[in-house]
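Residue 105 in our numbering is what sits at position 105 of the sequence shown, and the numbering runs on without skipping anything.
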Amino acid sequence: MAPSPDTDDDYIVTASNVTGMTSFSIRIQVNSPPPPPCNLAYPLNFVMVPADVALTPQVPTVGCGPVVNWQVTPLLPDGLMIDLTDGTISGIATTDGHDEVHLITASNSGGSTSFNLRIRIDPIFTYQTSPTTGSYSTSTGVGGVNLALTLVEDSGNPTYPTDISGFNLVISHDELSLTVASMGQSAVLQALNGGAGPTFWFQDTQGDEVVIGSIFSFTTLAVMQFDTEKEVVLIDYETIPAEFIGQTGAVPVDFIWVEDSPLTTTTNDLLVVTDSAQGIAPLTVDAEVLITASP
Numbered sequence: 001m002a003p004s005p006d007t008d009d010d011y012i013v014t015a016s017n018v019t020g021m022t023s024f025s026i027r028i029q030v031n032s033p034p035p036p037p038c039n040l041a042y043p044l045n046f047v048m049v050p051a052d053v054a055l056t057p058q059v060p061t062v063g064c065g066p067v068v069n070w071q072v073t074p075l076l077p078d079g080l081m082i083d084l085t086d087g088t089i090s091g092i093a094t095t096d097g098h099d100e101v102h103l104i105t106a107s108n109s110g111g112s113t114s115f116n117l118r119i120r121i122d123p124i125f126t127y128q129t130s131p132t133t134g135s136y137s138t139s140t141g142v143g144g145v146n147l148a149l150t151l152v153e154d155s156g157n158p159t160y161p162t163d164i165s166g167f168n169l170v171i172s173h174d175e176l177s178l179t180v181a182s183m184g185q186s187a188v189l190q191a192l193n194g195g196a197g198p199t200f201w202f203q204d205t206q207g208d209e210v211v212i213g214s215i216f217s218f219t220t221l222a223v224m225q226f227d228t229e230k231e232v233v234l235i236d237y238e239t240i241p242a243e244f245i246g247q248t249g250a251v252p253v254d255f256i257w258v259e260d261s262p263l264t265t266t267t268n269d270l271l272v273v274t275d276s277a278q279g280i281a282p283l284t285v286d287a288e289v290l291i292t293a294s295p
C-alpha cells in the first residue's frame, strides 16, 4: 500500500531465499504537491508600443503557491522577453505590425494559472472627440449636438512628429435618438493645398454610421503633423424629437468608433496613412455626450 501524503514512516525491506534472509530499514517521506499558483495578473491586459522603443516593464502579481515555470503562447515578438524568475515582460521590439493575444501561464507541480495579454507593436495614434455637450427642448424634443473628431500622435513614436498624408474613419451613433444633419472638414484640413482642402474627400452616412475618407494630395507634398490634438471632421447631429419629448434631465448618447463596419466594403475602417504609405490602425476613445434639457 502506498504511503499517504505528508507521512514520514520507517519501512523494513527484506530479501530472502531458502537459505536465509537479509533486511534493510528505510525511511520514506511523502510530501503533498504544493498549492498551485493563482490569480495571475499583469498591470494591463493590452499594451502597445512602437518598434525600437522600450516597453515599460510589465510586472505581474500572482498568489497562492510558488511559481516554478513561466510559459508564453504564442512566442513574444522579436525583441521582447519574459523573465523566467518573476514573469516580467520587457524589451524593445524590432518590427512593427505585431498584434496578438498571448497566453501567459505560471505553474508548478500542483497546477497553473493564466492571463491573456494582448501586445501590439505599432506607432501610436489616437482618434477621439473634443469635449462637448448638446441640448434639447423639453416641450418639442428638438435639439442637437456638435461633435469634433480629432487625431493626435503619441510623442514616443520614433518618427514623431510623423508626416500624415491621409486617413479614414467610421463612427457610429444611436440612430433612434440622433440623425446626422451635416458633416465636413475641419478648418485645418480646409487650409491644405492653399485653402483648397484635401485633393480627395469622401463622406457618407450608412445606417447609424458616419464614414469619412481623405487623401491630402495625389501630386504635391501636402501632409499634416498631429503632434498636438487636431480636429479633422466636424459633425452636426439633430435629435429625433419623439425620443426627447417629455424628458426632463440630461440624456446620455454614445459615439463609438467602428473598426470593421459591416456597412462598408473595406476591412480597415480606422486608418492613418503616413507619407511613406504606411497604414496604421489608431487607438480610439469612445465618447459619451450629455444632451441637456432646456425649456
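We treat Cβ as the ideally placed atom computed from N, Cα and C, and that holds for glycine.
Quick one, are the C-beta atoms of residue i and residue j less than 9 Å apart?
{"i": "Pro-125", "j": "Asp-154", "result": "According to the sequence displayed, residue 125 carries Phe and not Pro. Cβ distance < 9 Å, so Phe-125 and Asp-154 count as in contact."}
{"i": "Tyr-61", "j": "Ser-90", "result": "Note on residue identity: the sequence assigns Thr, not Tyr, to residue 61. Against a cut-off of 9 Å, the Cβ pair of Ser-90 and Thr-61 comes out as no contact."}
{"i": "Asn-157", "j": "Val-53", "result": "yes"}
{"i": "Ala-148", "j": "Glu-231", "result": "yes"}
{"i": "Thr-274", "j": "Thr-162", "result": "yes"}
{"i": "Gly-243", "j": "Leu-189", "result": "For the record, residue 243 in the displayed sequence is Glu; it is not Gly. No; because the gap between Cβ atoms is not below 9 Å, this pair is not in contact."}
{"i": "Gln-58", "j": "Pro-74", "result": "no"}
{"i": "Thr-264", "j": "Gln-206", "result": "yes"}
{"i": "Ser-214", "j": "Gly-166", "result": "yes"}
{"i": "Leu-80", "j": "Ile-92", "result": "yes"}
{"i": "Thr-138", "j": "Thr-219", "result": "no"}
{"i": "Cys-64", "j": "Asn-39", "result": "yes"}
{"i": "Leu-271", "j": "Met-224", "result": "no"}
Cα separation between residue i and residue j?
{"i": "Met-1", "j": "Pro-37", "result": "Its pLDDT being 49, under 50, Met-1 is placed unreliably by the model, and nothing is read from it."}
{"i": "Pro-3", "j": "Val-47", "result": "Legend: pLDDT at Pro-3 = 49, less than 50; position of this residue unreliable, no value from coordinates given."}
{"i": "Ser-217", "j": "Gly-279", "result": "16 Å"}
{"i": "Thr-113", "j": "Pro-66", "result": "11 Å"}
{"i": "Val-285", "j": "Ser-130", "result": "11 Å"}
{"i": "Ser-25", "j": "Glu-100", "result": "57 Å"}
{"i": "Pro-198", "j": "Ala-222", "result": "8 Å"}
{"i": "Ala-293", "j": "Ala-250", "result": "6 Å"}
{"i": "Leu-290", "j": "Phe-226", "result": "28 Å"}
{"i": "Asp-8", "j": "Gln-29", "result": "4 Å"}
{"i": "Ile-256", "j": "Ile-240", "result": "19 Å"}
{"i": "Phe-115", "j": "Pro-34", "result": "21 Å"}
{"i": "Val-210", "j": "Tyr-136", "result": "22 Å"}
{"i": "Ser-23", "j": "Ser-16", "result": "9 Å"}
{"i": "Gly-195", "j": "Thr-140", "result": "40 Å"}
{"i": "Thr-19", "j": "Leu-84", "result": "57 Å"}
{"i": "Asp-208", "j": "Pro-123", "result": "30 Å"}
{"i": "Ile-82", "j": "Met-21", "result": "57 Å"}
Return no unless some Cβ of chain B is closer than 9 Å to the Cβ of residue i.
{"i": "Thr-105", "result": "The chain labelled as chain B is not found in the depicted structure, where only one protein chain is given."}
Let me check understanding here. Comparing Cα to Cα, which of the options lies closest to residue i?
{"i": "Pro-77", "options": "Leu-117, Val-13, Met-21 and Ser-165", "result": "Leu-117"}
{"i": "Arg-27", "options": "Met-21, Val-13, Gly-20 and Asn-17", "result": "Val-13"}
{"i": "Pro-50", "options": "Ala-41, Pro-282 and His-173", "result": "Pro-282"}
{"i": "Leu-151", "options": "Thr-132, Ile-164, Tyr-127 and Thr-140", "result": "Tyr-127"}
{"i": "Val-258", "options": "Ser-172, Met-224, Val-101 and Pro-295", "result": "Ser-172"}
{"i": "Ser-32", "options": "Val-18, Asp-99, Glu-100 and Gly-111", "result": "Gly-111"}
{"i": "Thr-94", "options": "Leu-84, Phe-115 and Ile-121", "result": "Ile-121"}
{"i": "Thr-159", "options": "Phe-255, Phe-115 and Asp-96", "result": "Asp-96"}
{"i": "Glu-229", "options": "Leu-40, Ser-186, Phe-115 and Ile-212", "result": "Ser-186"}
{"i": "Ile-119", "options": "His-98, Val-272 and Gly-194", "result": "His-98"}
{"i": "Gly-87", "options": "Thr-132, Ala-41 and Gly-20", "result": "Ala-41"}
{"i": "Ile-212", "options": "Gly-195, Ala-196, Val-170 and Asp-174", "result": "Val-170"}
{"i": "Pro-252", "options": "Ile-82, Leu-84 and Asp-174", "result": "Asp-174"}
{"i": "Ser-276", "options": "Pro-295, Ile-164, Asp-208 and Gly-194", "result": "Ile-164"}
Would you grab the beta carbon distance between residue i and residue j for me? Rounded to a whole angstrom, and I think it's under 8 Å.
{"i": "Gly-134", "j": "Val-145", "result": "3 Å"}
{"i": "Ser-261", "j": "Asp-269", "result": "5 Å"}
Original post:
For the stretch 176-185 against the stretch 223-240, are there 3 or more C-beta pairs whose distance is under 8 Å?
Top reply: Result yes; three or more Cβ-Cβ pairs closer than 8 Å.
**OP:** Could you say if the stretch 56-70 and the stretch 105-113 meet the contact criterion of at least three C-beta pairs nearer than 8 Å?
**Re:** Put simply, the stretch 56-70 touches the stretch 105-113. At least three CB pairs are less than 8 Å apart.
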